[in-house]
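Participant:
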Amino acid sequence: MPVGQLIIEGLAMGACYGLFGLAVVIIYKTSEVVNFAAGEMAMFSTFIAFHVLTFYQCPFWLAFLIALVFAALLGVFIEFFFIRPAKNPTLLGLIVITLGAELLLMGLASWKWGAEQQAFSLPVSYKVTYEPIKGFIISEWAIAVFIIAAIIMTFLYLFFKYTKLGTAMRATQQNKHAAKIMGIQTDHVFVFAWAFSSVIGLIAALLLSAKAILDPQFMMEPFLRAFAAAVLGGLMSIPGVLIGGAILGLLENFLGYAWPVWKPITAFVVIVLVLCIRPSGIFAKHYVKKV
Amino acid sequence: MDMKRAYYEDVELFKSGTILFWTISLMVGLLTIPLLASNYHLYLLNLIMVHIILAVGLNILVGSTGQISLGHAGFFAIGAYATVLLMTKLGLPFFPAIIIAAFISAFFGFILGLPALRLEGPYLTIATLAFGLAIMHIIGHTELFGGRSGLSAPPLDVGIPKLGWSLVLKSDISKYYLILFFTIVMVWGAINILKTKVGRAFVAIRDSDIAAEVIGINLTIYKTLSFAVSAFYAGIAGGLFAFVLGFFDPVTFNMLLSIYFLVMIVVGGLGSVMGSITGAAFITYLMYALFKNVREVPYVGDFLVTISQRWLSITGMDNLSAIALGLVMIGIMLFEPMGIFGAWIRIKKYWKTWPF
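Protein sequence lines correspond, in order, to chains A and B.
Residue numbering for the first sequence follows numbering that gives the first Met the number 0, beginning at 0 and increasing consecutively.
Residue numbering for the second sequence follows numbering that gives the first Met the number 0, beginning at 0 and increasing consecutively.
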């Protein structure tokens, strides 16, 4: 396999991981909750799109819209019923709640759709390829991934920097109580963050589903990689998670090409090594905890 | 409520005559159970006890030292594979094999403890997760470990077969007594560890690692020690698990298992030995008994089957246990964050001070 294609494939996968990592980062940025349910939330919404598409014969755009709305509602639901009622939760407590939500969604999805593995068809396929420069083969799917990732990243960057809500989200993350005093309704911010994260997760899952068979566990591995990408980027910065995703995608493709058997774990080993040197990821400012 | 007059009372194993009495009656009860229980129930009890050993160890790490681990299925797997391989390839007797396996597991715990010195929170989670995944993957792709097709356990011989002195445990009853012995020793060990200097150092690290360092606790030693002790417990549990199951492959030790282990201690109660025991028993029962046979439960089973046929799929009904466990996890965290043990403490307090 030529180097050029390894790079493009790696970057495309990396963009997907980065996009999905964003779903983790947005929630962590506002409420310091590590959302282990992100993968299963995205999986569930994808299944909704699939269900609408196959059983009601809707056009793709309609199914996509329905799934989008569903994803937003799912995010709101989980924040409202599972995260908000927790009394003074610890970090471990929140992780346990999101793990519980993960099991719950996975169980529900397998109860409904688990019987057979489904094929999900996106309008873009990775089998249609172009070769703009010699040696660099790029598929339609990769083009779509790059375009969508670029749009979402720009949007998020502008959103967090210039809009009132974006500023409110950043303020909430830095100090919840001070934000409340300044008149920010932090509850609304949290709900919005969860809905937003769920929607972005759905988009990433739809892109990833082109390369996988749809079954209730298809988002588990990508979630771990996306989480790793987010951790590599420092869990806080939006450009960081994109770069983390790109590094992860490239590493996985190159190391995976060298040692195909060890492809699923090489990236993780590298990440643990990186974390040993920079304990809060590459792009995070390391805040020293006070006693 | 519990008045202590001397420091010595704090380190006593049995705080009062009542506790001693109930402990002894529990022991007698546990020893006589096999006479009454069927084979299936013995198998279930064996599984529960294996999970109790693991949960007690995990609670030392998570509950007492405050380090999160989502990779304990990895240590569990190391224990299982090392025990079986030491017995089949090197021909060691069972007891040395399981002890050596536990030490191998503890060594890996020590290795994983090294990055944990610098990582915390989500970063530690991803490191331990990566460890669990790596172990599962390495086992699945190495010929020595049986690859994807797995390994089957040799006959459980507790004697020394090379000297011609062999004692093969075949029935579930004899395995029950062997595992019971290990469980009692390990639980007793855990209770004692938590009462010594080491246990108090663990708790100090959990409450504030900087403050702990200031009062002279060596973080490097105690954090890695906590990982090693926890991994040692997981190793012993894994070695016994291999013989309870008889056959296992890498998929047995997947990431979900690590999550279930975490659920056990969270549901039982973080930082308490009794909590880990109740949590492990409760969750194991839910997973392996109640929801495996949910169709046979009167009324509820029929109702669920009807729902499945009408709106969902009947083949996916086995996933009910995942749904229930998810709900249990969320419910415990929302309504009783200290777990079953916390509820028990509250009830006890309420009755002691009743009617005030």
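Built from N, CA and C at the ideal position, the CB exists for glycine as well.
Within the same chain, show all residues whose beta-carbon is closer than 7 Å to that of B:Ala230, passing over the 5 residues directly before and after it, in chain order.
Facilitator: Around B:Ala230: Phe74, Ser104, Ala105, Phe107 and Gly108.
Participant: Distance cutoff 7 Å, beta carbons only. Does A:Pro259 sit that close to anything in chain B?
Facilitator: Judged by the 7 Å Cβ criterion, A:Pro259 is not in contact with chain B.
Participant: 7 Å is my cut-off, CB to CB: does B:Met328 come that close to chain A?
Facilitator: Chain A, which has a Cβ nearer than 7 Å to the Cβ of B:Met328, makes this yes.
Participant: Rounded to a whole number of angstroms, what is the C-alpha to C-alpha distance between B:Ile276 and B:Leu84?
Facilitator: If you take the alpha carbons of B:Ile276 and B:Leu84, they lie about 29 Å apart.
Participant: Between A:Leu103 and chain E, is any beta-carbon pair separated by less than 7 Å?
Facilitator: The structure shown contains no chain E; the protein chains it does contain are A and B.
Participant: Between the stretch 61–93 of chain A and chain B, which residues of the former have a C-beta closer than 9 Å to a C-beta of the latter?
Facilitator: Per Cβ criterion, the list reads Phe80, Phe81, Pro84, Ala85, Lys86, Asn87, Pro88, Thr89, Leu90, Leu91, Gly92 and Leu93.
Participant: Measure from the C-beta of A:Gly99 to each C-beta in chain B and report whether the shortest distance is under 7 Å.
Facilitator: Chain B, which has a Cβ nearer than 7 Å to the Cβ of A:Gly99, makes this yes.
Participant: Please list the terminal residues of the continuous alpha helix (DSSP H) segment that includes B:Phe355.
Facilitator: Neither: B:Phe355 is in no alpha helix (DSSP H) and is coded neither H nor E.
Participant: Which one or two residues does DSSP pair with A:Thr128 in a beta bridge?
Facilitator: In DSSP, A:Thr128 forms a bridge with A:Ser138.
Participant: What did DSSP end up calling A:Trp110 once you bin it into helix, strand or coil?
Facilitator: Of the three classes helix, strand and coil, the one that applies to A:Trp110 here is helix, per DSSP.
Participant: Would you check if the distance between the CB atom of B:Leu46 and the CB atom of B:Val186 is smaller than 7 Å?
Facilitator: No; because the gap between Cβ atoms is not below 7 Å, this pair is not in contact.
Participant: Please report the straight-line C-alpha distance between A:Phe46 and A:Cys15, rounded to a whole angstrom.
Facilitator: Those two C-alpha atoms are separated by around 18 Å.
Participant: Please return the same chain residues whose Cβ sits closer than 6 Å to the Cβ of A:Val290, not counting the five positions on each side in sequence.
Facilitator: Note on A:Val290: pLDDT 46, under 50, position unreliable in the model; the coordinate value appears next. Excluding positions up to five away in sequence, the list is empty.
Participant: Which residue marks the beginning of the alpha helix (DSSP H) containing B:Ala54, and which one marks its end?
Facilitator: Its alpha helix (DSSP H) spans residues Asn38 to Asn58.
Participant: Spell out whether any CB of chain A is found under 7 Å from the CB atom of B:Met332.
Facilitator: Interface residue, yes.
Participant: Interface residues of chain B around A:Val144 at Cβ under 7 Å?
Facilitator: Neighbours of A:Val144 on chain B: none; closest Cβ ~24 Å, over 7 Å.
Participant: Could you tell me which chain A residues have their CB closer than 9 Å to the CB of B:Tyr122, listed as they occur along the chain?
Facilitator: What B:Tyr122 touches in chain A: Val230, Leu234, Leu274, Pro278, Ser279 and Gly280.
Participant: For a test of the three-state rule: what should DSSP assign to B:Ile216, helix, strand or coil?
Facilitator: Reduced to three states, the DSSP call for B:Ile216 is coil.
Participant: Put B:Ile159 into one of helix, strand or coil per three-state DSSP.
Facilitator: It is a strand residue.
Participant: With A:Tyr125 and A:Trp110 assumed to form a contact (beta carbons below 8 Å), what rounded beta-carbon distance in angstroms separates them?
Facilitator: Rounded, the Cβ-Cβ distance is 31 Å, inconsistent with contact.
Participant: Does the beta-carbon distance from A:Val23 to A:Asn34 come in below 7 Å?
Facilitator: Closer than 7 Å, so yes.
Participant: With distances taken from CA atoms, which of B:Tyr80, B:Lys194, B:Met48 and B:Ile32 is nearest B:Phe13?
Facilitator: Ranking the options by Cα distance to B:Phe13, first place goes to B:Lys194.
Participant: Suppose you measure from the CA of A:Gln172 to the CA of A:Lys28; what does that come to, to the nearest Å?
Facilitator: Each residue's Cα considered, the two are about 6 Å apart.
Participant: Take B:Ala342 and list the residues in its own chain whose beta-carbon comes closer than 8 Å to its own, dropping the five residues that flank it on each side.
Facilitator: If we look at B:Ala342 and ignore the five residues flanking it on each side, its Cβ neighbours are Glu335.
Participant: Using three-state DSSP, classify B:Ser151 as helix, strand or coil.
Facilitator: The answer is strand: DSSP assigns B:Ser151 an E or B state.
Participant: Does the stretch 259–277 of chain B come close enough to the stretch 50–64 of chain B that 3 or more CB-CB pairs lie under 8 Å?
Facilitator: In short, these stretches touch, since the Cβ pair count reaches three.
Participant: Does the Cβ-Cβ distance between B:Val49 and B:Phe93 come in under 7 Å?
Facilitator: No. Outside cutoff.
Participant: Would you list the one or two residues that DSSP bridges to A:Trp258?
Facilitator: Its beta-bridge partners do not exist; DSSP assigns none.
Participant: Suppose contacts are defined by Cβ-Cβ distances below 7 Å. Is A:Ala143 in contact with A:Val127 by that definition?
Facilitator: No; because the gap between Cβ atoms is not below 7 Å, this pair is not in contact.
Participant: Got a sec, what are the start and stop residues for the alpha helix (DSSP H) A:Arg169 sits in?
Facilitator: Element bounds for A:Arg169: Lys163 to Gln173.
Participant: Measuring only between beta-carbons, confirm whether A:Ala209 sits less than 7 Å from chain B.
Facilitator: Closer than 7 Å: no.
Participant: Among B:Ala72, B:Ile306 and B:Ile52, which one has its Cα closest to the Cα of B:Ala236?
Facilitator: Per the Cα distances, B:Ile52.
Participant: Beta-carbon of B:Leu118 versus every beta-carbon of chain A: anything under 7 Å?
Facilitator: Cβ-Cβ to chain A under 7 Å: yes for B:Leu118.
Participant: Starting from A:Pro263, find everything on chain B with Cβ-Cβ shorter than 7 Å and list it in chain order.
Facilitator: Here the neighbours are His136.
Participant: Can you check whether the C-beta of A:Ile96 is within less than 7 Å of a C-beta belonging to chain B?
Facilitator: Yes, A:Ile96 counts as interfacial toward chain B.
Participant: Distance check for B:Val27 and B:Arg205, CA to CA, integer angstroms please.
Facilitator: So the two alpha carbons sit approximately 36 Å from each other.
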